[in-house]
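Take the first sequence: its letters are residues 727 to 1151, numbered as in the working numbering.
Positions of the beta carbon are idealized from the N, C-alpha and C atoms, including for glycine.
Here the structure is a predicted model, which means the values were calculated and not measured.
Before any comments, here is the structure.
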Amino acid sequence: MLSLHYLREHKDEALKGLAKRCNDALPKLVEEALELDRQKRQIMAEAEGQQAEINRMSKEVGEHMRAGNKDKAEQVKALVGVHKESVHELKAKLLQLDTDLNNVLYQIPNVPHDKVAKGKSADENEEVERWGDIPALGDFAEAHWDLASRYSLMDFELGVKISGAGFPVYTGKGARLQRAMIAFFLDEAQKAGYEEVMPPLLVNEDSGFGTGQLPDKEGQMYYVSEDDLYLIPTAEVPITNMFRDIIVDGHDFPIKRCGYTPCFRREAGSYGKDVRGLNRLHQFDKVELVEIAHPDHSYEVLDRMVAHVASLLQKLELPYRILRLCGGDMGFTAAMTYDFEVYSTAQKRWLEVSSVSNFENFQSNRLHCRFRREGEKKTELVHTLNGSALALPRVLAALLENHQDENGISIPEALRPYTGFDRID
RNA sequence: GGAGAGGUGGCCGAGCGGUUUAAGGCGCACGCCUGGAAAGCGUGUUUCCCCGAGAGGGGAUCAAGGGUUCGAAUCCCUUCCUCUCCGCCA
């Protein structure tokens, strides 16, 4: 969530930025939050004054008792009651205000960065880079789901039988290819300085809250009510939460983590031709990058992450474009997001394979992840970033479709050491 | 799942109703000492919030929440977590 400090001191800047999200409700919410904050601080000051009085008097009682002055002690005791009552009342009010304030704050998304364009929907995203030639395939070109069954790489029906739609079974070279990509992505991340971690796949409520999936988007996550745990929708949740309630040492920057995990998404109600095959699944594999950054350098970090993801797609020889999302298309917690899309030749459409975002201090405010500037006494919120590098299913889809020829599918050079084969046929 | 033990500051560890504004130690920072260092000595060292230009002042914080009391780390209730043993188990 946004920090109240920031809202208080940079209200105009916040409103101007938020306007880019094209959501008319936001200015009112900001005003509401500031008003509740004002009331809260006023009442807080009152309650603390009363409490100070009680503390002072209690100390006095102690002194009288020690001096053996019982009457004096009783006299003071009798006077405390009034203050106690008013503290009680003020505290109740405070609790209510706090709840109201949080409810409002939870509805205010992150303020988009200066560079982010105003816009309502995906149509207004800006293309910032394009790489690679879209291969001209002949009439033989097939979509990945057809290729998958022709070469026995996946079995969607089998997945339906075991679990349901959206849970494919990878078989033979399909399974091997999957494993190869995971290893390849992890190795590349490691070369780029990211430390590998293997986090839990189920997380508690605090963690879901820390990265912003809760309280609003619990419908997206599978929930195990028996144990009050959520299946992770992305490794971002457990990995970023490793830094919850922590004051990091400023010398530790840059803090770079990567991890492979399966991801689980309910994706309720989304069925149709656009979600055929590997395009949208309930369970999929992903290698994720997470970085905890110094606020002064987080946009350099973002650029480096983008460059890293680009290098992966280049090594896989997949044509891609990079979009800087407009205000309206950006996620709730992000200040700037770059989406990577690869062109799927057989489906004749762009598929999103990565999303790289700077959350600035929106997540760290909830996570309470802070650091101290050299020589400063006060702590300051860190910036958090993450990016997929990469999400496997759509990369696999594009790989199969773009690298096919009449007789099979060729594996990109970079992956061959991992697959152990250079063609599927 | 059953039984027991326990959660105190960056860490270890005392405290079990009012000189605790949390002892003592370790660590860390700064200073003195030194040719330089170690040792020694001295000072400082939880975090969050509020008021204040600042100096400073105030509040909260001994797992969390509630209660008793003039006053709670300390007593009572509830919840959570950790550890040990047993059972089950890849």
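When DSSP labels each residue in this structure, what does Y1046 get in the three-state scheme? The sequence position of residue 1046 within the first sequence is 320, counting from 1. Correct three-state label for Y1046: strand.
Could you check whether L1015 and R983 sit closer than 9 angstroms to each other, using their CB atoms as the reference points? Taking the first sequence and counting its residues from 1, one reaches residue 983 at position 257. Taking the first sequence and counting its residues from 1, one reaches residue 1015 at position 289. Yes. Within cutoff.
Alpha helix (DSSP H) containing L744: first to last residue? Mapped onto the first sequence, residue 744 falls at position 18. Counting along the chain, the alpha helix (DSSP H) containing L744 begins and ends at 737–744.
Closest residue to N781 among H809, H790, K754 (Cα-Cα distance): Residue mapping note: residue 781 aligns to position 55 of the first sequence, counting from 1. Among H809, H790, K754, the Cα nearest to that of N781 belongs to H809.
Is T937 helix, strand or coil by DSSP? Within the first sequence, the letter at position 211 stands for residue 937. It is helical.
Look at V1169 and S1083 and say whether their C-beta atoms are less than 9 angstroms apart. Given a span of 727 to 1151 for the chain in the structure shown, any question on residue 1169 remains unanswerable.
Along the chain, where does the alpha helix (DSSP H) that runs through H1034 open and close? For this step, residue 1034 is matched to residue 308 along the first sequence. Run containing H1034: 1024–1041, per the alpha helix (DSSP H) assignment.
Pairing CB atoms from the region 883–900 with CB atoms from the region 910–923, are three or more of them under 8 angstroms? no
Under 9 angstroms between C-beta atoms of S729 and L1107: What you label residue 729 is simply residue 3 of the first sequence in a count that begins at 1. What you label residue 1107 is simply residue 381 of the first sequence in a count that begins at 1. In contact: S729 and L1107 (Cβ atoms closer than 9 angstroms).
Let me make sure I understand the geometry here. Which of A1140, R905, V787, V963 has the alpha-carbon closest to that of D932? Residue mapping note: residue 932 aligns to position 206 of the first sequence, counting from 1. Among A1140, R905, V787, V963, the Cα nearest to that of D932 is on V963.
Starting from D1011 and walking both ways along the beta strand (DSSP E), at which residues does that stretch end? What you label residue 1011 is simply residue 285 of the first sequence in a count that begins at 1. Taken as a continuous stretch (DSSP letters only), the beta strand (DSSP E) holding D1011 covers 1009–1019.
P988 lies in the beta strand (DSSP E); which residues open and close that run? Taking the first residue of the first sequence as position 1, residue 988 is located at position 262. Its beta strand (DSSP E) spans residues 981–990.
Where does Q833 sit, in a helix, a strand or coil, going by DSSP? As a working mapping, residue 833 is identified with position 107 in the first sequence. The answer is coil: DSSP assigns Q833 none of H, G, I, E or B.
How about the region 1047–1059 and the region 839–859: do they share at least three Cβ pairs that are nearer than 8 angstroms? yes
Please work out which residues of its chain come closer than 8 angstroms, Cβ to Cβ, to L762, disregarding the five sequence neighbours upstream and downstream, and give them in chain order. Within the first sequence, residue 762 is the residue found at index 36, counting from 1. Answer for L762: L823, D826, L827, V830, listed in chain order.
Does L1107 come out as helix, strand or coil in the three-state DSSP assignment? Walking along the first sequence from the start, residue 1107 turns up at place 381. Three-state result, L1107: strand.
If L957 and L1004 are in contact, beta carbons under 8 angstroms, what's the gap, nearest whole angstrom? Locating residue 957 in the first sequence gives position 231, where the first residue counts as 1. Locating residue 1004 in the first sequence gives position 278, where the first residue counts as 1. The pair is not a contact, with the Cβ atoms about 19 angstroms apart (cut-off 8 angstroms).
To the nearest angstrom, report how far apart D1055 and L873 are at their CA atoms. As a working mapping, residue 1055 is identified with position 329 in the first sequence. As a working mapping, residue 873 is identified with position 147 in the first sequence. When rounded, the distance between both Cα atoms is 33 angstroms.
Using a 10 Å radius around the Cβ and a threshold of 16 neighbouring Cβ atoms, would you call K1104 buried or exposed? Counting from one through the first sequence, the residue named residue 1104 turns up at place 378. It counts as exposed.
Measuring straight from C-alpha to C-alpha, what distance separates H1020 and R1030? Translated into positions along the first sequence, residue 1020 becomes position 294. Translated into positions along the first sequence, residue 1030 becomes position 304. Answer to the nearest angstrom: the Cα atoms are 14 angstroms apart.
Paired residues, beta bridge with R1075 - DSSP: Position 349 of the first sequence, counted from the start, is the residue given in the question as residue 1075. BP columns for R1075 point to S1070.
Give the secondary structure of M907 by DSSP, where H, G and I count as helix, E and B as strand, and everything else as coil. Looking up residue 907 in the first sequence gives position 181. It is helical.
Assuming P1119 and F990 are in contact, meaning their beta carbons sit under 8 angstroms apart, how far apart are those beta carbons, in whole angstroms? For the purposes of this step, residue 1119 is taken as the residue at position 393 of the first sequence. For the purposes of this step, residue 990 is taken as the residue at position 264 of the first sequence. Their Cβ separation, rounded to whole angstroms, is 13 angstroms, which puts P1119 and F990 out of contact at 8 angstroms.
When the Cα atoms are used, what is the spatial distance from D881 to G1146? Taking the first residue of the first sequence as position 1, residue 881 is located at position 155. Taking the first residue of the first sequence as position 1, residue 1146 is located at position 420. Taking the straight line from one Cα to the other gives about 22 angstroms.
Going by beta carbon distance, what residues of the same chain come within less than 8 angstroms of C748, once the five residues before and after it are set aside? Here residue 748 is taken as the residue at index 22 of the first sequence, counted from 1. Cβ within range, chain order: K844, G845, K846, G1053, G1054.
Rounded to whole angstroms, what's the CA-CA distance from A799 to A771? Just pull it up for me. For this step, residue 799 is matched to residue 73 along the first sequence. For this step, residue 771 is matched to residue 45 along the first sequence. Roughly 28 angstroms separates the two Cα atoms.
Compute the distance between the beta-carbons of N1112 and V1068, then report whether it is under 9 angstroms. For this step, residue 1112 is matched to residue 386 along the first sequence. For this step, residue 1068 is matched to residue 342 along the first sequence. Against a cut-off of 9 angstroms, the Cβ pair of V1068 and N1112 comes out as no contact.
How long is the line joining the alpha carbons of V974 and Q801, rounded to whole angstroms? Numbered from its first residue, the first sequence carries residue 974 at position 248. Numbered from its first residue, the first sequence carries residue 801 at position 75. Near 51 angstroms, if we compare the C-alpha coordinates of Q801 and V974.
For F1085 and A1061, which I take to be in contact (beta-carbon distance under 8 angstroms), what is that distance rounded to the nearest angstrom? For the purposes of this step, residue 1085 is taken as residue 359 along the first sequence, with counting starting at 1. For the purposes of this step, residue 1061 is taken as residue 335 along the first sequence, with counting starting at 1. Confirmed, about 6 angstroms.
Compute the distance between the beta-carbons of D1151 and Y877, then report whether it is under 9 angstroms. Your numbering for residue 1151 matches position 425 in the first sequence. Your numbering for residue 877 matches position 151 in the first sequence. In contact: D1151 and Y877 (Cβ atoms closer than 9 angstroms).
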